[in-house]
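Chemist: Pasting a structure below so you can have a look.
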Amino acid sequence: MKEISGAQILLEVLQEQGVEVIFGYPGGAVINLYDHLPEYSCRHFLVRHEQAAVHAADGYARATGKTGVALVTSGPGATNTVTGLATASMDSIPMVVFTGQVPTPLIGNDAFQEADIVGITRPCTKHNFLVKRVEDLERIINEAFHIAGSGRPGPVLVDLPKDVIAGKCRKRKVAKTSLKGYNPNYTGHPGQIQRAVKVILKARKPVFYVGGGVVLADAAAKLTALARALKIPVTTTLMGLGAFPEDDQLSLGMLGMHGTYRANMAVTESDVLVAFGARFDDRVTGRIDTFAADAKIIHVDIDPTSISKNVDVDIPIVGDVGDVLDKMLELIEGSARETETAAGGHDEWLSEVEHWRNLHKLSYEQNEIIKPQFVVEKIGELTQDDNPIVSTEVGQNQMWAAQFFTFTKPRSWLTSGGLGTMGYGLPAAMGAQVAFPERLVIDIAGDGSIQMNSQELATVVQYNLPVKVIILNNGYLGMVRQWQELFFNKHYSSTTMNHAPDFVKLAEAYGALGLRATKPDEVEPVLKQAFTHPGPVVVDIVVAAEENVYPMVPAGEAISNMLLV
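Numbering (our numbering), first residue to last: 8 to 572.
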């Protein structure tokens with residue numbers, strides 16, 4: 008077998024891993040890779056900023072369930088990936104990011120465009136590698152994909168010195184990847200699952216609390232079947248939206264700081280709370296000692312370090328959520344009489360939940376000024392038959408999208424949950440559109456957040472990716488302004504965005520279609536035009552400047568203590 012370069016080895020291994028798409032930005036340290044890239048089947052999408060490459064790989068991964076891939080150069084190219092890596096790490100998104108590095112003899116000498124990206128990203132990756140020999144490259148790339156996509160998924164960084172990818176050796180088929188000391192447990196303990204099912208069947212006020220882990224495990228259908236069989240209401244985290252159909256009568260909607268009244272009250276009053284693939288984030292729990300204080304808590308998660316990390320649980324189950332749900336379904340199917348009795352016994356509890364639903368519904372008053380909630384509802388109404396993928400930026404736009412768009416399918420919601428990254432939505436939508444060119448992909452944005460990565464309009468136009476960007480333009484950094492209004496006596500310090508670009512002209516400058524709505528009766532026709540246009544569109548919708556997101560749980564309060572208006 009003849010010798011080939013490290014660059015060729017890397018690209019061949021990517022093909023073997025089934026990688027179809029790379030998001031990247033070239034530079035001197037990776038020029039050898041880009042030289043060989045056209046010879047291989049992986050499609051490369053040239054972004055305008057390295058952060059966007061990682062967000063696009065993230066959006067691609069969330070929408071498909073595959074491992075996303077990004078490729079950037081050394082120094083600033085590498086450091087620009089950090090926010091995207093941290094975003095993916097917090098939300099458990101499988102990704103491999105390749106960064107260029109100066110030649111190995113120059114590492115540590117402050118060479119041109121050198122950065123210790125392995126050291127920098129150690130806290131925000133699942134694992135990272137510095138490849139020191141071309142002979143190790145094939146093994147390390149396979150290990151990177153294995154680590155990124157197994158157990159609790161996450162981003163892995165592989166740093167590639169220029170002499171390693173330029174060097175040559177013989178490529179040899181690596182045996183099945185196996186890492187000593189890394190053996191994620193996929194199988195839930197049968198005894199613990201039996202204990203959990205017994206407790207669930209005896210519960211009078213049970214609630215299923217569902218996180219992004221159910222989506223990542225492709226276990227939404229199983230979760231839905233279990234909830235319906237037992238007539239147990241379901242609440243989802245921000246990351247779990249779509250894991251349970253929100254048009255189902257058992258859906259409570261989202262819980263937490265901006266969750267629904269019924270979800271927060273149901274969790275507070277529950278006697279058994281079953282968490283599937285969730286990590287009891289502070290935005291969900293509020294004040295810890297009041298969170299489901301009278302409930303037995305069952306926690307199912309593939310990551311043992313997440314269990315009892317924030318909230319003590321009574322029955323921990325470590326394993327793949329899909330595996331555990333399979334076993335739970337088997338147990339309840341084998342106990343048909345007990346299951347029927349348990350389901351029937353929840354009628355009174357469901358009536359109480361329905362009372363909370365009717366007592367304080369998500370609402371707003373539409374008047375002569377466009378309300379952002381109205382826009383989100385109208386987006387949902389116009390696209391209900393299209394199965395769209397919705398991404399968001401971060402801030403009020405994100406919360407209104409989570410509250411007022413009805414999600415019925417998994418992997419249709421892309422948002423930065425744990426890190427709360429402004430500028431995420433457009434490149435994530437771009438990644439999803441690459442994965443599903445025929446589907447409608449919508450980025451619900453704010454006028455502040457969209458400016459973080461608006462340069463990617465050039466990318467969507469270049470590749471004719473028909474992403475629809477809907478800007479809820481209120482002239483503020485809205486969520487921070489809301490906090491300033493409610494808790495800082497309306498001291499609007501540095502939150503007024505009074506010098507934004509004309510977004511219609513900006514879209515046109517990049518070659519996209521730009522549209523605008525300033526009155527309520529303009530919203531529907533403008534959205535219809537956007538959704539039927541064959542290319543990328545930016546819609547600037549001027550909304551009420553000081554509209555707030557409600558409900559809202561003040562920081563440090565119990566989730567039952569909500570500001571409702």
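Think of the CB as a built atom: it goes at the ideal place given N, C-alpha and C, for glycine as much as any other residue. Source: prediction; values computed, not measured.
On the DSSP bridge list, what partners appear for Arg50?
Modeler: For the purposes of this step, residue 50 is identified with residue 43 of the sequence shown, where counting begins at 1. Arg50 is bridged to Val28.
Chemist: Roughly how many angstroms separate the alpha carbons of Gly432 and Gly352, rounded to a whole number?
Modeler: The residue you call residue 432 lines up with position 425 of the sequence shown. The residue you call residue 352 lines up with position 345 of the sequence shown. Rounded to the nearest angstrom, the two C-alpha atoms are 43 Å apart.
Chemist: Does the structure place the stretch 64–79 close enough to the stretch 27–35 that three or more beta carbon pairs sit under 8 Å?
Modeler: yes
Chemist: From Ser342, Arg286 and Ile339, pick the residue whose C-alpha is nearest to that of Lys316; which is it?
Modeler: As a first step, residue 316 must be located in the sequence shown, where it is residue number 309. For Lys316, the nearest C-alpha among the options comes from Arg286.
Chemist: Just how far apart, CA to CA, sit Val138 and Gln380?
Modeler: Translated into positions along the sequence shown, residue 138 becomes position 131. Translated into positions along the sequence shown, residue 380 becomes position 373. Each residue's alpha carbon lies about 49 Å from the other.
Chemist: What does DSSP give as the partner residues of Met102 in its beta bridges?
Modeler: Along the sequence shown, one-based indexing puts residue 102 at 95. Answer is Gly75 and Pro162.
Chemist: Which residues share a DSSP beta bridge with Tyr483?
Modeler: Within the sequence shown, residue 483 is the residue found at index 476, counting from 1. Bridge partners of Tyr483: Thr503.
Chemist: Just tell me which of Lys497, Tyr483 and Gln491 has its CA closest to the CA of His506.
Modeler: As a working mapping, residue 506 is identified with position 499 in the sequence shown. Comparing Cα positions, the closest option is Tyr483.
Chemist: Taking all protein chains shown into account, do 16 or more other C-beta atoms lie within 10 angstroms of the C-beta of Ala228, making it buried, or fewer, making it exposed?
Modeler: Indexing the sequence shown from 1 puts residue 228 at position 221. So Ala228 ends up on the exposed side.
Chemist: Expressed to the nearest angstrom, what Euclidean distance is found between the alpha-carbon atoms of Val291 and Asn271?
Modeler: Working through the sequence shown from its first residue, we reach residue 291 at position 284. Working through the sequence shown from its first residue, we reach residue 271 at position 264. Within the model, the alpha-carbon separation for Val291 versus Asn271 is close to 9 Å.
Chemist: With DSSP as the reference, label Ile528 as helix, strand or coil.
Modeler: The residue labelled residue 528 in the question sits at position 521 within the sequence shown. For the record, residue 528 in the displayed sequence is Asp; it is not Ile. Looking at Asp528 - three-state DSSP - the assignment turns out to be helix.
Chemist: Secondary structure at Lys175, three-state DSSP: helix, strand or coil?
Modeler: Position 168 of the sequence shown holds residue 175. Strand, per DSSP.
Chemist: Sorted by chain position, which residues of the same chain lie with C-beta nearer than 8 Å to Asn480's C-beta, five sequence neighbours on each side aside?
Modeler: Within the sequence shown, residue 480 is the residue found at index 473, counting from 1. For Asn480, where only same-chain residues beyond five positions count, the Cβ hits under 8 Å are Gly453, Asp454, Ala507, Phe510, Asp547, Ile548, Val549 and Val550.
Chemist: When the Cα atoms are used, what is the spatial distance from Tyr374 to Met406?
Modeler: One-based indexing of the sequence shown puts residue 374 at position 367. One-based indexing of the sequence shown puts residue 406 at position 399. The identity of residue 374 in the sequence shown is Asn, whereas the question assumes Tyr. C-alpha separation (whole angstroms): 21 Å.
Chemist: Given this structure, state the Cα-to-Cα distance separating Leu167 from Gly107, to the nearest angstrom.
Modeler: For the purposes of this step, residue 167 is taken as the residue at position 160 of the sequence shown. For the purposes of this step, residue 107 is taken as the residue at position 100 of the sequence shown. Looking at the two C-alpha atoms, the distance is approximately 5 Å.
Chemist: Could you give the first and the last residue of the continuous beta strand (DSSP E) run that contains Met335?
Modeler: The count along the sequence shown starts at 1 and reaches residue 335 at position 328. No beta strand (DSSP E) holds Met335; the alpha helix (DSSP H) holding it covers Val328 to Glu340.
Chemist: Spell out the partners DSSP gives Val544 in its beta bridges.
Modeler: Numbered from its first residue, the sequence shown carries residue 544 at position 537. For Val544, which the question treats as bridged, DSSP gives the partners Lys475 and Leu520.
Chemist: Using a C-beta cutoff of 8 Å, does Pro162 count as contacting chain D?
Modeler: Although the question refers to chain D, the structure presented lacks it and comprises just one protein chain.
Chemist: Do you know how far the Cα of Val274 is from the Cα of Glu355?
Modeler: Taking the sequence shown and counting its residues from 1, the one referred to as residue 355 is at position 348. Taking the sequence shown and counting its residues from 1, the one referred to as residue 274 is at position 267. So the two alpha carbons sit approximately 16 Å from each other.
Chemist: My output table needs one value for Gln575: the three-state DSSP class, helix, strand or coil.
Modeler: Outside the displayed span of the chain (8 to 572) sits residue 575, for which this structure offers no information.
Chemist: Helix, strand or coil: which one does DSSP assign to Glu150?
Modeler: The residue given as residue 150 occupies position 143 in the sequence shown. Note: Glu150 maps to helix in three-state DSSP.
Chemist: Which partner residues of Gln108 appear in the DSSP bridge assignment?
Modeler: Position 101 of the sequence shown, counted from the start, is the residue given in the question as residue 108. The partner list for Gln108 (beta bridge, DSSP) reads Pro168.
Chemist: Could you give the residue range of the beta strand (DSSP E) that holds Gly427?
Modeler: For the purposes of this step, residue 427 is taken as residue 420 along the sequence shown, with counting starting at 1. Gly427: not part of any beta strand (DSSP E); DSSP gives it neither H nor E.
Chemist: Just verifying my parser: in three-state terms, what is the DSSP assignment at Asn135?
Modeler: Counted from its first residue, the sequence shown places residue 135 at position 128. It is a strand residue.
Chemist: Report the rounded CA-to-CA distance for Met437 versus Gln22, giving the unit in angstroms.
Modeler: Within the sequence shown, residue 437 is the residue found at index 430, counting from 1. Within the sequence shown, residue 22 is the residue found at index 15, counting from 1. A direct Cα-to-Cα measurement between Met437 and Gln22 gives close to 22 Å.
Chemist: Taking C-alpha atoms, which residue in Arg146, Lys475 and Lys334 lies nearest to Gly198?
Modeler: On the sequence shown, residue 198 is found 191 positions in, with the first residue counted as 1. When only C-alpha atoms are compared, the closest one is Lys334.
Chemist: To the nearest whole angstrom, what separates the beta carbons of Glu121 and Gly82, a pair I think is in contact under 8 Å?
Modeler: Here residue 121 is taken as the residue at index 114 of the sequence shown, counted from 1. Here residue 82 is taken as the residue at index 75 of the sequence shown, counted from 1. Between Gly82 and Glu121 the Cβ distance is about 6 Å, and since that is below 8 Å, they are a contact.
Chemist: Excluding the five sequence neighbours on either side, which residues of its own chain have a C-beta within less than 6 Å of the C-beta of Ser419, listed in chain order?
Modeler: Taking the first residue of the sequence shown as position 1, residue 419 is located at position 412. Scanning its chain for C-beta atoms nearer than 6 Å, with the 5 sequence neighbours on each side dropped, one finds around Ser419 the residues Gly249 and Ile396, in chain order.
Chemist: Roughly how many angstroms separate the alpha carbons of Tyr557 and Met97, rounded to a whole number?
Modeler: Numbered from its first residue, the sequence shown carries residue 557 at position 550. Numbered from its first residue, the sequence shown carries residue 97 at position 90. Cα to Cα, Tyr557 sits roughly 25 Å from Met97.
Chemist: In whole angstroms, what separates the C-alpha of Gln489 from that of Phe136?
Modeler: Here residue 489 is taken as the residue at index 482 of the sequence shown, counted from 1. Here residue 136 is taken as the residue at index 129 of the sequence shown, counted from 1. So the alpha carbons of these two residues sit roughly 42 Å apart.
Chemist: With a Cβ-Cβ cutoff of 8 Å, do Gly158 and Ile11 count as a contact?
Modeler: Translated into the one-based positions of the sequence shown, residue 158 becomes position 151. Translated into the one-based positions of the sequence shown, residue 11 becomes position 4. For the 8 Å CB-CB criterion, Gly158 and Ile11 do not form a contact.
Chemist: In the DSSP assignment, the alpha helix (DSSP H) including Ala10 goes from what residue to what residue?
Modeler: Residue mapping note: residue 10 aligns to position 3 of the sequence shown, counting from 1. The residue asked about is misnamed: residue 10 is Glu in this sequence, not Ala. Not the alpha helix (DSSP H): Glu10 falls in the beta strand (DSSP E), residues Glu10 to Ser12.
Chemist: How far does the beta strand (DSSP E) with Pro197 in it extend, from its first residue to its last?
Modeler: Looking up residue 197 in the sequence shown gives position 190. First-last for Pro197: Pro197 to Lys209, but that is the alpha helix (DSSP H), not the beta strand (DSSP E).
Chemist: If we ignore side chains and look at the alpha-carbon of each, how far apart do Val222 and Met8 end up?
Modeler: Here residue 222 refers to the residue found at position 215 when the sequence shown is read from its first residue. Here residue 8 refers to the residue found at position 1 when the sequence shown is read from its first residue. Going by the C-alpha atoms only, they are around 43 Å apart.
Chemist: Since Val550 sits in a beta bridge, which residues does DSSP pair it with?
Modeler: Counted from its first residue, the sequence shown places residue 550 at position 543. Here Val550 is not bridged, per DSSP, to any residue.
Chemist: The alpha helix (DSSP H) with Leu366 in it runs from where to where?
Modeler: Here residue 366 refers to the residue found at position 359 of the sequence shown. Its alpha helix (DSSP H) spans residues Asp354 to Leu366.
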